[in-house]
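For reference, the structure discussed in these notes is given below.
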Amino acid sequence: MKPLDIQHKLNRYRYHFIVTILVSSIVAFLSSSAPSLLTVLAYFWPLFASTAVLVVAIMAFGGVSQLATEDHGEKVGEGLMGYVVAARPEHTDEEPRRFG
Numbered sequence: 001m002k003p004l005d006i007q008h009k010l011n012r013y014r015y016h017f018i019v020t021i022l023v024s025s026i027v028a029f030l031s032s033s034a035p036s037l038l039t040v041l042a043y044f045w046p047l048f049a050s051t052a053v054l055v056v057a058i059m060a061f062g063g064v065s066q067l068a069t070e071d072h073g074e075k076v077g078e079g080l081m082g083y084v085v086a087a088r089p090e091h092t093d094e095e096p097r098r099f100g
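1 is the number of the first residue of the sequence shown in full-length UniProt numbering; add one for each residue after it.
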């Protein structure tokens, strides 16, 4: 290969090189100025702990409520559907009112 061919190929990809150098510089700057992972964990540990407690409580009460509905012989959501259907008005001959 002649040096002129190499220079021509480098010029062909010059924008790729510029973007790569720019992105690498930005990533290096952000990683050097960002706080460490331990600092972030130390700051957010109360949030992580409370979320874990909430998830455990949801799992515990979810299991208890499933057992309670099985004792009554109902399928899950059957009682709620009966309540919704009972609140629905019967068929009427009137057309629904249109506003506007």
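Ideal Cβ positions, reconstructed from N, Cα and C, are used throughout, including at glycine.
Just to check, is the beta-carbon of residue i closer than 8 Å to a non-hydrogen atom of the ligand PLP?
i, result
"Thr-51", "Summarising the ligand content, the structure contains no ligands, and the ligand PLP is consequently not present."
Going straight from the alpha carbon of residue i to that of residue j, what length do you get?
i, j, result
"Leu-10", "Val-23", "19 Å"
"Pro-35", "Arg-12", "39 Å"
"Arg-14", "Lys-2", "19 Å"
"Thr-20", "Gln-7", "18 Å"
"Leu-54", "Arg-98", "45 Å"
"residue 116", "Phe-44", "Absent from the structure is residue 116, since the part of the chain shown begins at 1 and ends at 100."
"Val-56", "Ser-33", "36 Å"
"Ala-86", "Phe-61", "28 Å"
Are residue i and residue j closer than 9 Å when you measure CB to CB?
i, j, result
"Leu-41", "Phe-48", "yes"
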